[in-house]
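The next block holds one structure in the form of structure tokens; read it before the comments.
2 protein chains.
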Amino acid sequence: MKWTKVDILELEKFYRRNLINSLLGFKPALLIGTSNNEGQQNLALFSQVFHVGATPPLIGVLFRPDSVDRHTLNNIRETGVFTINQVKKGMEEQAHQTSARYANHVSEFEAVGLSPELSGDFIAPFVKESVLKIACSFVQENVLEVNGTIMIIGAIEWIEIDENAVMVDGFVDHVALQNLCAVGLDAYYEPQKLVRFTYAKPDIKLQTLPI
Amino acid sequence: MKWTKVDILELEKFYRRNLINSLLGFKPALLIGTSNNEGQQNLALFSQVFHVGATPPLIGVLFRPDSVDRHTLNNIRETGVFTINQVKKGMEEQAHQTSARYANHVSEFEAVGLSPELSGDFIAPFVKESVLKIACSFVQENVLEVNGTIMIIGAIEWIEIDENAVMVDGFVDHVALQNLCAVGLDAYYEPQKLVRFTYAKPDIKLQTLPI
């Protein structure tokens, strides 16, 4: 089946939204925790989060200009910090429910039944139930002129993770952690291990690594 | 286990690279096909590709400033077009091998044994073996000042996909297509269906959808 740009723009709105959002395939399922300066906490599901660099460790997050993510964005602008928490199996319904349009004074932690966890004087809450947590500080904000999408770059301040899930070479075993992935706006998947390969070089056959 | 920013920067280089690259979890496994104006084709594995908008349909791709992806980036700048092709089960070894540093005159299609497929006068080649193919045109290029990462925004020109894998509401069944996902720089996974939920609203219990 082939859809051209013109065909796509003529599709019914929700059909187009599902098609284009699911087209690129599997994405991480992550919860971003924030707070305003008065301690009003917010928790929101994100899948548009990506690696920007390892030295120093940097992460990018995309925000749709018209989305429900505004509370998260405003809190990051106000306090300069946020947390990223992997969604593991068993958390998927609560994680998805955070995407409802709750009023500003409602904490999604309370509304969906997840537990906020604070660390020292870092004002952004972690999700206690998550087994991989990342504390981030705001570095810069960019606007993609093409459609107003906002990109926040964050620096990793610290990482908390079950040490049994980190392999001898630093690779994180997300299957051992039972972390999930997502497609589109509403579907959750449980990945199974297939294969890990050595660094590729021209004309040398790949070997497999423990996975 | 807790690593602070200072701990992370003191980790051995390859350990840090594996840890930070795998931290965010599951990503799509995608091959980007390009050509220069002389018809010299290039194929490269990318996982830093993300949805930027549905109306019009836009996609973002990140390029490390010092990476082997330079041929891809130069070809996109030269011709203004590229293709995105999902990696399905059975293609993972060939897909990974495209990440070797081949010389400029080498086509990764030939080197790894995948088949270039041309469509009309669109100069960027598709991967014939892929079951979900996206033709893109260049829209804009941004540099993230923080570390020189380059972001290309592309507009979707057309999509080719097995119509049996598109559900009645436009959602793409990547499990039916046997598409894979990736973690870090070298690991491939086969997702299994878990659950799909209805649109979340405050104080209304989520229902499940066909997945």
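Chains as they are written, first to last, in the working numbering: chain A, 323 to 533; chain B, 323 to 533.
Heads up, the beta-carbon is just placed ideally off N, CA and C, and yes, glycines get one too.
Just so you know, these numbers come straight off a predicted model, no measurement behind them.
Return the Cβ separation of Ala366/A and Pro524/B in integer angstroms, given the expectation that the two are a contact with Cβ distance under 8 Å.
Not confirmed; about 13 Å, so no contact.
Exposed or buried, Arg518/A, counting other C-beta atoms within 10 Å across all chains shown (16 or more means buried)?
It is buried - the Cβ of Arg518/A has at least 16 other Cβ atoms within 10 Å.
What's the C-alpha gap between Lys410/B and Thr420/B?
Cα to Cα, the separation comes out at about 15 Å.
Give me the Cβ distance between Val371/B and Ser344/A, rounded to the nearest whole Å; I'm assuming they're in contact under 8 Å.
In fact, because the Cβ distance is near 14 Å, the residues do not count as touching under 8 Å.
So, with DSSP's three-state summary, where would you put Ser357/A?
In the structure shown, Ser357/A sits in a strand (DSSP, three-state: E or B).
Please check if any C-beta of chain B sits within less than 9 Å of the C-beta of Asn343/A.
Output row for Asn343/A: interface = yes.
Quick one: which unbroken alpha helix (DSSP H) runs of 4-plus residues sit fully inside the stretch 327-409 of chain B? Chain order, please.
Complete alpha helix (DSSP H) runs here, min 4: 327-332, 335-344 and 392-401.
When you compare only the Cα positions, how much space is there between Gln500/B and Lys450/B?
Gln500/B and Lys450/B: Cα-Cα distance of roughly 15 Å.
Which residue's Cα is closest to the Cα of Gly375/A: Gly382/B, Leu331/B, Ile456/B and Glu512/B?
Comparing Cα-Cα distances from Gly375/A to each of Gly382/B, Leu331/B, Ile456/B and Glu512/B, the minimum goes to Leu331/B.
Count the C-beta pairs between the stretch 480-494 of chain A and the stretch 466-481 of chain B that are closer than 8 Å, then say yes if the count reaches three, no if not.
Flag = no, the stretch 480-494 of chain A and the stretch 466-481 of chain B do not touch.
Note down the Cα distance separating Pro387/A from Asn469/A, rounded to an integer number of angstroms.
The straight-line gap from Cα to Cα measures roughly 8 Å.
Taking the DSSP output, what are the residues bridged to Asn464/B?
In the DSSP output, where bridge partners are listed per residue, Asn464/B has Met473/B.
Go ahead and pull the three-state DSSP assignment for Val490/A.
Residue state, collapsed to three classes: coil.
Could you pull out every residue in the same chain whose Cβ sits closer than 8 Å to the Cβ of Phe448/A, ignoring the five residues on either side in sequence?
Here the set comprises Gly355, Thr405, Asn407, Pro438, Glu439, Leu440, Ser441, Lys455, Ala457 and Glu482.
Starting from Gln514/B and walking both ways along the beta strand (DSSP E), at which residues does that stretch end?
Its beta strand (DSSP E) spans residues Ala509 to Phe519.
Work out the CA separation of Thr377/A and Thr520/A for me, nearest whole Å.
About 22 Å.
Could you work out which residue in Val465/B, Asn397/B and Phe348/B is closest to Asn358/B when comparing CA atoms only?
When only C-alpha atoms are compared, the closest one is Asn397/B.
Starting from Ala498/B, follow its DSSP beta bridges and name the residues at the other end.
Note: Ala498/B sits in no beta bridge, so no partner.
Quick check on the DSSP output: the alpha helix (DSSP H) that includes Val449/B runs from which residue to which?
Segment Phe444 to Val449 is the beta strand (DSSP E) holding Val449/B; no alpha helix (DSSP H) there.
For the alpha helix (DSSP H) containing Ala504/B, list its first residue and its last residue.
First-last for Ala504/B: Cys503 to Val505, but that is the beta strand (DSSP E), not the alpha helix (DSSP H).
Here's a check: name, in chain order, each residue in its chain whose Cβ is nearer than 8 Å to the Cβ of Leu528/A, leaving out the five neighbours to either side.
The residues are Phe519, Thr520 and Ala522.
With DSSP as the reference, label Ala433/B as helix, strand or coil.
Looking at Ala433/B - three-state DSSP - the assignment turns out to be helix.
Gln370/B versus chain A: which residues are under 7 Å apart at the beta carbon?
Under the 7 Å cutoff, chain A gives Phe372 and His373.
How would you write the range of the alpha helix (DSSP H) that Glu415/B sits in, first residue to last?
Where Glu415/B is concerned, the enclosing alpha helix (DSSP H) stretches over Glu414 to Gln419.
When you compare the CB positions of Pro534/A and Phe368/B, do they come within less than 9 Å of one another, or not?
Here chain A comprises residues numbered 323 to 533, so residue 534/A is not present and cannot be evaluated.
Between Lys411/B and chain A, is there a C-beta pair that is closer than 9 Å?
Yes, contact with chain A.
Considering only C-alpha positions, which residue in the set Met413/B, Phe460/B, Ile445/B and Phe444/B is nearest to Gly435/B?
Nearest of Met413/B, Phe460/B, Ile445/B and Phe444/B to Gly435/B, Cα basis: Met413/B.
Return yes when at least one heavy atom of the ligand ADP lies under 8 Å from the C-beta of Gln370/B, else no.
As far as ligands go, the structure on display features none, and thus does not contain the ligand ADP.
To the nearest angstrom, how far is the alpha carbon of Gly492/B from that of Val328/B?
Straight-line Cα distance between these residues: approximately 46 Å.
Determine whether the beta carbon atoms of Ile533/B and Leu516/B lie at a separation below 9 Å.
Yes; because the gap between Cβ atoms is below 9 Å, this pair is in contact.
From the beta carbon of Phe431/B, is the nearest beta carbon of chain C less than 9 Å away?
The structure shown contains no chain C; its protein chains are A and B.
Based on DSSP bridge pairs, tell me the residues matched to Ser452/B.
Beta-bridge pairing links Ser452/B to no other residue.
Under DSSP, the beta strand (DSSP E) around Pro532/A begins and ends at which residues?
It is not in any beta strand (DSSP E) - Pro532/A carries neither H nor E in the DSSP assignment.
Please name the residue, chosen from Ala509/A, Val505/A, Pro513/A and Ala504/A, that lies closest to Ala534/A on a Cα-to-Cα basis.
Here chain A comprises residues numbered 323 to 533, so residue 534/A is not present and cannot be evaluated.
Within 10 Å of its beta-carbon, does Arg545/A have 16 or more other beta-carbons around it, so buried, or fewer, so exposed?
In the structure displayed, chain A extends from 323 to 533; residue 545/A sits before or after that span and is not available.
Are the beta-carbon atoms of Gln462/B and Ile475/B separated by less than 9 Å?
Yes, the pair counts as a contact, with Cβ atoms nearer than the cut-off.
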